[in-house]
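J.: I am attaching a structure below and will ask some questions about it afterwards.
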Amino acid sequence: MSASDEVLQRLPDGTVKQRNPFTGTQVWTMPGRGKRPLPKTLDDPAPLPPDGGTPGCAFCPGHHLDNPPERSRLVREGEGWRALSGLSAAELDRTEADFRRVPNLFEICSLDYWRLNHGVEPSPEVVERVEAYLADPVGHAQIERVWRLRERFAKQEVEPTEEALRQAALGWIGTSHELVIPRRHYVDGATDTSQLASSGWLTVPEHRAYVGLTVQAMADLYAANPAARYVSVFQNWLKPAGASFEHLHRQVVAIDELGEHAGAAAEALTRHPNAFNEYGLDIAIQNGLLLAANDHAVAFAGFGHRYPSVEIYSLSPRREPWLLDADEMDGMSDLLHAMHAAGGEKLSCNEEWHHRPPSLAEGIGAIGEEHIPWRIVVKWRISTLAGFEGATKIYLNTLSPWDVHRRVLKELYRLRDEGRIAPMKLGDECDVAPGSIPC
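Counted from 1, the sequence shown has number 854 at position 163 by the numbering used here; the numbering is strictly sequential.
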């Protein structure tokens, strides 16, 4: 059996069977199910005020003091952006932030997690900023306000002590769990609440800035925490994908384990050093699944995932996203942006980033550390896992990779004709050869 047949099979009756070469996940698509329509509406849209108004979402402009102290922001300057960091509470509304890095109010790994399990304490720079923030009346009020909001969500009514506020501020300003938040909740000129500003709705330059700020957050979290073995990056779009806010945002989370995917990839590469070509890109080429390519990245309809997916791979020999040059990073951003635009703003999806963590790059050679590329998987949350999957560990996808390819490619041609996505080659135009992912 060929590598392609091990990963992706079409049976005589039209059933498609997939197996993820890294995790072993099994997926079936039964004939006829790919004709089901994708979601086209959001539940119960409500009209917006004639002037657009300011949504009550905590991520929106006008609500910055409802968030923990901001890490940094991008402010538009001419045709680009200027980065600002370390702003005081009083400075938050003096500029209009197009993108912000903000600590998660409900972090996955808290200050106590790192302190008690790994002996990691806030840096002197973090301590200094906390003291300055609390010494400022506006900053102190913000910390207390956010502290009370968190306690209210936890249904606790406890008056904060100064030490409780200080510990909370240390955890937020020295956070290991950030959100990267674009400014808009709704599209410009929106008239009802269904017109949300999605990743695909952003302009090409805006999406590049969004990706760039996310990558910077990754690098900063690795640099700040010596116990962080992996920084997970993901985006949940709409409630079916797990979003608590219908305001676009990514999450960047440092953890003290590699996680299943990074560990499985490293293990697979000890057996097959060229696995990401042999079991990924090459199979996509052989089966006619390429969607788009530019000089620095390639996208194809994914396989071996629990949900219908598209995958974007960097073609750079540099593995860590923050080491890519500007053109290489923009190449990844442009294809990711195009895939979201093709799916549409009403399609609930998860965006998962995978990369080689520094802990593998600093290894001693037995775990394939040189071969893990930066890749992003966008998974369409259009089906609900149920008893069959739980009992068999075989997942039923509504759409096969070829169904995804057909739907996405049609939209990509339209979007390119309308000038809504960056220049790129589509479908049969892609001249990406097998083995193009550098090893």
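Glycine included, every Cβ here is placed at the ideal spot set by N, Cα and C.
In whole angstroms, give me the CA-to-CA distance for S814 and N758.
T.: By one-based count along the sequence shown, residue 814 stands at place 123. By one-based count along the sequence shown, residue 758 stands at place 67. S814 and N758: Cα-Cα distance of roughly 22 Å.
J.: Given a cut-off of 7 Å, decide if S1000 and V1068 are closer than it, judged by their beta-carbon atoms.
T.: As a working note, residue 1068 is residue 377 in the sequence shown. As a working note, residue 1000 is residue 309 in the sequence shown. Result yes, Cβ atoms of V1068 and S1000 sit closer than 7 Å.
J.: Since H898 is in the alpha helix (DSSP H), which residue starts that stretch and which ends it?
T.: Within the sequence shown, the letter at position 207 stands for residue 898. Unbroken alpha helix (DSSP H) run through H898: 895–915.
J.: What three-state label does DSSP hand G950 in the structure shown?
T.: Against the sequence shown, residue 950 aligns to sequence position 259. Residue state, collapsed to three classes: coil.
J.: Alpha carbon to alpha carbon, how far is G1118 from D986?
T.: In the sequence shown, residue 1118 corresponds to position 427, counting from 1. In the sequence shown, residue 986 corresponds to position 295, counting from 1. Approximately 15 Å between the Cα atoms of the pair.
J.: To which residues of the same chain is Q709 closer than 6 Å at the C-beta, ignoring the five residues directly before and after it?
T.: Position 18 of the sequence shown holds residue 709. These residues qualify, in order along the chain: L699, V718, F994, G995.
J.: What does the Cβ neighbour count give for V799, buried or exposed, with the cut at 16 atoms within 10 Å?
T.: For the purposes of this step, residue 799 is identified with residue 108 of the sequence shown, where counting begins at 1. The amino acid at residue 799 is misidentified as Val; the sequence shows Ile. It counts as exposed.
J.: For V1099, would you say it is in contact with chain B, using Cβ-to-Cβ distances shorter than 7 Å as the test?
T.: The chain labelled as chain B is not found in the depicted structure, where only one protein chain is given.
J.: Of the choices G979, C1130, G1022, whose alpha-carbon is the least far from that of A900?
T.: Stepping through the sequence shown from its first residue, residue 900 is reached at position 209. Among G979, C1130, G1022, the Cα nearest to that of A900 is on G1022.
J.: Buried or exposed for E1019, going by 16 or more other Cβ atoms inside 10 Å?
T.: By one-based count along the sequence shown, residue 1019 stands at place 328. Label assigned to E1019: buried.
J.: Does the Cβ-Cβ distance between V1123 and V989 come in under 7 Å?
T.: Counting from 1 along the sequence shown, the entry for residue 1123 is found at position 432. Counting from 1 along the sequence shown, the entry for residue 989 is found at position 298. Cβ atoms of V1123 and V989: closer than 7 Å.
J.: Considering Cα atoms alone, identify which of S1039, E1043, T866 is closest to R820.
T.: Along the sequence shown, one-based indexing puts residue 820 at 129. Measuring from the Cα of R820, the nearest candidate turns out to be T866.
J.: Check E1101 in the structure and name its three-state DSSP category.
T.: Within the sequence shown, numbered from 1, the residue matching residue 1101 stands at position 410. Note that residue 1101 is Lys in the sequence shown, not Glu. Correct three-state label for K1101: helix.
J.: What did DSSP end up calling H1062 once you bin it into helix, strand or coil?
T.: Start at 1 with the first residue of the sequence shown, and residue 1062 comes out as number 371. The answer is helix: DSSP assigns H1062 an H, G or I state.
J.: If we call anything under 7 Å between Cβ atoms a contact, is L981 one with C751?
T.: For the purposes of this step, residue 981 is taken as residue 290 along the sequence shown, with counting starting at 1. For the purposes of this step, residue 751 is taken as residue 60 along the sequence shown, with counting starting at 1. Against a cut-off of 7 Å, the Cβ pair of C751 and L981 comes out as no contact.
J.: Using DSSP with H/G/I as helix, E/B as strand and the rest coil, what is N808?
T.: Looking up residue 808 in the sequence shown gives position 117. Note: N808 maps to helix in three-state DSSP.
J.: Are the CB atoms of V895 and A1113 within a distance shorter than 7 Å?
T.: On the sequence shown, position 422 is the one that residue 1113 refers to. On the sequence shown, position 204 is the one that residue 895 refers to. Cβ distance < 7 Å, so A1113 and V895 count as in contact.
J.: Hey, could you find the ends of the beta strand (DSSP E) D789 is sitting in?
T.: On the sequence shown, residue 789 is found 98 positions in, with the first residue counted as 1. Unbroken beta strand (DSSP E) run through D789: 788–794.
J.: With burial defined as no fewer than 16 other Cβ atoms inside 10 Å of the residue's Cβ, what is the status of R941: buried or exposed?
T.: On the sequence shown, residue 941 is found 250 positions in, with the first residue counted as 1. Classification of R941: buried, given that the 10 Å Cβ count is 16 or more.
J.: Throw me the rounded Cβ distance for the I1128 and P1064 pair, which I believe falls under 8 Å.
T.: Position 437 of the sequence shown, counting from 1, holds the residue named residue 1128. Position 373 of the sequence shown, counting from 1, holds the residue named residue 1064. Yes, I1128 and P1064 are in contact; Cβ-Cβ is about 5 Å, under 8 Å.
J.: Are the beta-carbon atoms belonging to S779 and D827 less than 7 Å from one another?
T.: Here the question's residue 779 lines up with position 88 in the sequence shown. Here the question's residue 827 lines up with position 136 in the sequence shown. For S779 and D827, yes; Cβs fall inside 7 Å.
J.: Along the chain, where does the beta strand (DSSP E) containing E1042 start, and where does it finish?
T.: On the sequence shown, residue 1042 is found 351 positions in, with the first residue counted as 1. Start and end: 1040–1045.
J.: At the level of alpha carbons, what is the spacing between A919 and G950?
T.: Position 228 of the sequence shown, counted from the start, is the residue given in the question as residue 919. Position 259 of the sequence shown, counted from the start, is the residue given in the question as residue 950. Approximately 12 Å between the Cα atoms of the pair.
J.: Are R791 and I872 touching if we call contact CB-CB under 7 Å?
T.: Start at 1 with the first residue of the sequence shown, and residue 791 comes out as number 100. Start at 1 with the first residue of the sequence shown, and residue 872 comes out as number 181. Contact flag set, yes.
J.: Can you say whether D1025 is buried or exposed, counting buried as having 16 or more other CB atoms within 10 angstroms of its CB?
T.: Position 334 of the sequence shown, counting from 1, holds the residue named residue 1025. With 16 or more other Cβ atoms within 10 Å, it is buried.
J.: Excluding the 5 residues flanking E1102 on each side, which residues of the same chain have their C-beta closer than 7 Å to its C-beta?
T.: If you number the sequence shown from 1, residue 1102 lands on position 411. Around E1102: A1033.
J.: Return the Cβ separation of T720 and S1091 in integer angstroms, given the expectation that the two are a contact with Cβ distance under 8 Å.
T.: Numbered from its first residue, the sequence shown carries residue 720 at position 29. Numbered from its first residue, the sequence shown carries residue 1091 at position 400. The pair is a contact, with the Cβ atoms about 4 Å apart (cut-off 8 Å).
J.: If you follow the beta strand (DSSP E) that E768 is in, where does it begin and where does it stop?
T.: The count along the sequence shown starts at 1 and reaches residue 768 at position 77. Start and end: 763–768.
J.: Excluding the five sequence neighbours on either side, which residues of its own chain have a C-beta within less than 7 Å of the C-beta of R633, listed in chain order?
T.: Any question about residue 633 goes unanswered here, given that the chain covers just 692 to 1130.
J.: Please classify S935 as buried or exposed, where buried requires at least 16 other C-beta atoms within 10 Å of its C-beta.
T.: As a position in the sequence shown, residue 935 is number 244, starting the count at 1. Its Cβ having fewer than 16 others within 10 Å, S935 is exposed.
J.: Write down the C-beta distance between N1088 and Y998 rounded to the nearest angstrom, noting that I regard them as a contact closer than 8 Å.
T.: Taking the first residue of the sequence shown as 1, we reach residue 1088 at position 397. Taking the first residue of the sequence shown as 1, we reach residue 998 at position 307. That pair is a contact at about 7 Å.
J.: Please work out which residues of its chain come closer than 8 Å, Cβ to Cβ, to A781, disregarding the five sequence neighbours upstream and downstream, and give them in chain order.
T.: The sequence position of residue 781 within the sequence shown is 90, counting from 1. Excluding positions up to five away in sequence, the list reads D827, V829, G830.
J.: Closer than 8 Å is the cut-off here; do at least three beta carbon pairs connect the stretch 701–716 with the stretch 952–971?
T.: Output reads yes: the stretch 952–971 touches the stretch 701–716.
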